[in-house]
Each structure stands twice: as structure tokens, then as C-alpha cells.
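Colleague: Residue numbers (the working numbering): 83 to 445.
Right, I'll just put the structure down here and ask away after.
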Amino acid sequence: MHIVIVSDYGYVSGGAAQVAVKSAAALAERGIKVTFACALGPPSRELDRPGITVHCLGASNIWAVRQRWRAAAQGIWNAAAGQWLKALLHDCDPSETVVHMHQWTKAFSPSVLAVATTCGLPFVVTLHDYFLSCPNGAYFVYPKQRPCSVQPMSAACWATDCDARSATHKAVRLLRQVATGAAVRRRSHPLHVIHVSRRAADVARPLLPAATRHWTLQNPVNEAVGPRVAAERNRAVVCVGRVTVEKGCVVLAKAAARARMPLVVMGEGPALEQVRQANPDVDIRPWGDRAAVDRCFADARVVALPSLWYETGGLVVREAMARGVPAIVTTISGASDAVGSAHGLLVPPGDVDALTNALCRLR
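The structure is reproduced here in C-alpha cells:
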């Protein structure tokens with residue numbers, strides 16, 4: 083068997099890239115031939131092992147392209163990336179090969195979707211977000227800080243001011259989504275998609291073509307290393323990941339201050355200053371490696387992921403629970419699949435009072 087993994091990132095930049103890299107390593111360990119096709123390098127050292135062949139396009143992240151028109155053009159349709167992947171897949175045996183796509187919006191563009199859907203090889207997409215159907219990928223109205231409720235690419239969608247940046251960015255995303263839809267429709271057989279949680283599947287299913295085949299498979303997590311964290315002896319609230327408003331970081335900062343619990347935030351993102359303003363005592367740590375994340379877990383009384391959007395998975399929650407750390411997540415998050423009464427608490431999204439009360443219960 084031969085698995086071709088397609089991922090914007092060849093290194094761990096976040097949850098989706100981590101799953102792509104970790105799954106490639108796990109497949110190779112089981113004797114399965116893996117080709118890892120990425121746009122952005124350098125490739126992770128974890129991919130440097132027998133059984134994995136890495137191909138890196140060496141493209142630029144669209145947010146790093148200085149000329150705006152060039153960045154927009156690359157985001158809508160990166161023709162070079164499509165031709166590159168087409169050549170890579172040309173000699174693959176359809177009876178042995180499966181193409182597994184993880185991310186394509188940061189550098190590859192929908193051109194690689196078009197190639198994957200028409201190359202004649204079995205093809206599946208893991209939905210770490212909602213980019214297959216939604217222009218901004220989060221199914222979220224950023225200016226109003228609430229989940230979206232309109233059908234993607236409908237007239238209401240085109241008219242909704244939902245982008246995190248500007249109307250111009252929304253226009254580019256709409257054009258990219260037109261290209262994405264056209265790429266998916268080129269496939270003669272139903273598209274297979276993997277959801278990383280039941281909650282995410284419930285959200286995404288009505289947004290995708292009726293013929294789509296749906297599968298639910300939780301993301302792999304790093305196994306617990308060393309003894310269980312004695313969370314009951316700790317006091318800190320820990321949040322690990324990209325620091326954005328839609329992830330509930332500002333809500334968490336306010337709630338932790340009210341609950342008088344130390345807050346540790348590990349990550350980077352546009353909401354860092356808002357978090358500092360909401361909680362001047364916050365301990366902000368830069369994004370780090372596995373050991374750095376484990377050190378955060380070692381200090382944690384609870385890990386919080388109070389997402390305002392329909393977060394698909396929340397990988398860090400399951401990683402923390404594997405170490406014995408309970409979690410607080412929102413009812414609309416995919417992480418709610420994993421958090422039962424024995425593992426943590428569920429709260430409504432955006433409710434500072436409810437989150438404060440939940441923290442106080444674990445204080």
C-alpha cells in the first residue's frame with residue numbers, strides 16, 4: 083500500500099500539520115510506503131525515516147508574499163503547485179495508492195484539489211476546518227464574534243461581512259471558494275471526507291454536497307510520557323494554541339482573573355494584547371516543542387479551550403487528558419466529544435460568568 087499525504091506544511095505549525103506528520107510516521111512504522119508532499123519547509127525531522135519519501139515544493143506562505151495581488155492570485159489558484167502534484171502522482175498505481183489531503187489554503191491553493199480529484203487515484207480529505215465549503219474556513223462571523231448560520235456560497239454568504247480582516251480579503255476568499263467548488267465537482271465519484279469529531283461532522287455535513295461520503299476519525303494524540311500529572315495539586319489554568327479571539331482566549335483571560343486563578347497561555351496570535359489587557363497577570367509563553375507543552379501540562383489544574391467557533395477537534399484537550407489533566411471546553415466545540423463528566427466541564431461559548439463558575443469548581 084502507498085499513501086500520499088498532501089499538507090501545506092512539512093513541519094509542525096499547528097494541529098493539522100501535526101496530524102499529517104504524526105500519521106506519516108505511524109504509517110511508515112507499520113511498513114506502509116508513504117510519500118509526503120508539502121509546500122512549505124523545512125520538513126520535520128520526524129519524516130526523516132525509512133519508508134517516507136518527502137517532496138517539498140518550496141513555495142511561500144501566501145501571508146508572506148509582499149505583493150498583495152500576487153498573494154491573492156496564489157491563494158485563488160497556484161498553477162505551479164497543481165502541475166507539481168500532478169507530476170508527483172503520475173506514476174502512482176491506482177490499485178495501491180491513496181491520496182490523503184490535510185491542508186491546501188496556506189500555499190497550495192485549490193489547484194491541488196483539482197489534481198487530486200481527477201488523477202484517478204482514491205482520494206480522501208481530512209477536514210481540520212471548514213475550508214472545503216466555507217470561504218473563511220471557520221464558519222464564523224468574525225466582526226460579530228459568533229458562529230455563522232447561512233449556507234456557504236449562498237447569496238446571504240456573499241452579502242455577509244464575516245472576514246477577520248476586510249471586505250477585500252472576503253472577496254479573494256469567495257473567488258478561492260469558487261475554485262474549490264469547481265475542483266470538487268470535477269470528481270466523477272463521491273468525495274470521501276474524514277471528520278475529526280462527531281460535533282464537526284454534524285456541522286459540516288449540511289454544508290457539503292449530498293453525495294459526499296462521511297467518516298469520523300479522531301486525531302492521533304501523543305501518548306502520555308511519565309507519571310500522571312497531579313492536577314489536583316496545581317492551580318494554573320493552561321491554554322495552548324494559537325491566541326485568537328475566536329478560540330475564546332480573551333473570554334478565558336477575563337474568567338481566570340475573576341476566578342483568581344493563574345493563567346498560562348502558550349502560543350502566538352493576534353489576540354495576545356487583548357489577553358494581556360483582560361488579565362495583566364497572565365503568563366504568556368512562546369510556542370514550543372513537545373517538551374515545552376508537557377511542562378505546561380505539568381503546571382495545569384485544568385486545560386481550557388473555550389472556543390467561540392465550531393472548533394473541529396481541539397487536539398490539545400485530548401493530549402492533556404492523556405496526562406490526567408481535566409479540561410473545560412464549550413458545548414459547540416469538537417473537543418466536547420472527548421470531555422465527559424469524568425474528564426472535565428462543558429460551558430456555553432462566550433459566557434464569561436459560566437466559565438468563571440466552571441473554573442471555581444476546579445479551583
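For glycine and all other residues, C-beta sits at the position ideal for the given N, C-alpha and C.
Can you grab the Cα-Cα spacing for the pair leucine 170 / threonine 294, in whole Å?
Modeller: In the sequence shown, counting from the first residue as 1, residue 170 sits at position 88. In the sequence shown, counting from the first residue as 1, residue 294 sits at position 212. Rounded to whole angstroms, leucine 170 to threonine 294 spans 26 Å at the Cα level.
Colleague: In this structure, does DSSP put methionine 183 in helix, strand or coil?
Modeller: In the sequence shown, counting from the first residue as 1, residue 183 sits at position 101. Strand at methionine 183.
Colleague: What residue from Lys168, Leu256 and Asp175 has the CA that sits closest to alanine 196's CA?
Modeller: Here residue 196 refers to the residue found at position 114 of the sequence shown. Here the closest residue by C-alpha is Lys168.
Colleague: Taking its Cβ as the centre, do 16 or more other Cβ atoms sit within 10 Å of glutamine 149, making it buried, or is it exposed?
Modeller: Here residue 149 corresponds to residue number 67 of the sequence shown, with the count starting at 1. With fewer than 16 Cβ atoms within 10 Å of its Cβ, glutamine 149 is classed as exposed.
Colleague: Look at the alpha carbon of proline 362 and the alpha carbon of leucine 354, and state the distance between them as a whole number of angstroms.
Modeller: Residue mapping note: residue 362 aligns to position 280 of the sequence shown, counting from 1. Residue mapping note: residue 354 aligns to position 272 of the sequence shown, counting from 1. Answer to the nearest angstrom: the Cα atoms are 11 Å apart.
Colleague: Can you tell me whether arginine 247 is buried or exposed, with buried defined as 16 or more other CB within 10 angstroms of its CB?
Modeller: Along the sequence shown, one-based indexing puts residue 247 at 165. Its Cβ having fewer than 16 others within 10 Å, arginine 247 is exposed.
Colleague: Excluding five sequence neighbours on each side, which residues of the same chain lie with their C-beta closer than 6 Å to the C-beta of alanine 141?
Modeller: For the purposes of this step, residue 141 is taken as residue 59 along the sequence shown, with counting starting at 1. If we look at alanine 141 and ignore the five residues flanking it on each side, its Cβ neighbours are Ala121 and Ala189.
Colleague: Restricting to Cα atoms, I'd like to know which of Leu427, Arg443, Leu428 and Glu314 is closest to alanine 380.
Modeller: Along the sequence shown, read from residue 1 onward, the residue named residue 380 stands at position 298. Considering only alpha carbons, the answer is Glu314.
Colleague: Pick helix, strand or coil for isoleucine 276, following the three-state DSSP scheme.
Modeller: In the sequence shown, the residue the question calls residue 276 occupies position 194. The answer is strand: DSSP assigns isoleucine 276 an E or B state.
Colleague: Could you say if the region 171-179 and the region 124-133 meet the contact criterion of at least three C-beta pairs nearer than 8 Å?
Modeller: With the cut-off at 8 Å, the region 171-179 and the region 124-133 do not touch.
Colleague: Below 8 Å, how does it come out for the region 357-376 and the region 385-392: are there three or more Cβ pairs, yes or no?
Modeller: No, the region 357-376 does not touch the region 385-392.
Colleague: Count the other CB atoms within 10 Å of the CB of proline 192; is the residue buried (16 or more) or exposed (fewer)?
Modeller: The sequence position of residue 192 within the sequence shown is 110, counting from 1. When all chains shown are included, proline 192 counts as buried.
Colleague: Taking the straight line between their C-alpha atoms, what separation do you get for valine 421 and tryptophan 151?
Modeller: Here residue 421 refers to the residue found at position 339 when the sequence shown is read from its first residue. Here residue 151 refers to the residue found at position 69 when the sequence shown is read from its first residue. Distance between the alpha carbons of valine 421 and tryptophan 151: 44 Å.
Colleague: Within the region 421-445, note down every full beta strand (DSSP E) run reaching 3 residues or more, in order along the chain.
Modeller: DSSP runs (the beta strand (DSSP E)) wholly in the region 421-445: 426-429.
Colleague: So if DSSP puts leucine 122 in a beta bridge, which residue, or which two residues, is it bridged to?
Modeller: Against the sequence shown, residue 122 aligns to sequence position 40. Looking at the DSSP assignment, leucine 122 forms a beta bridge with Tyr91.
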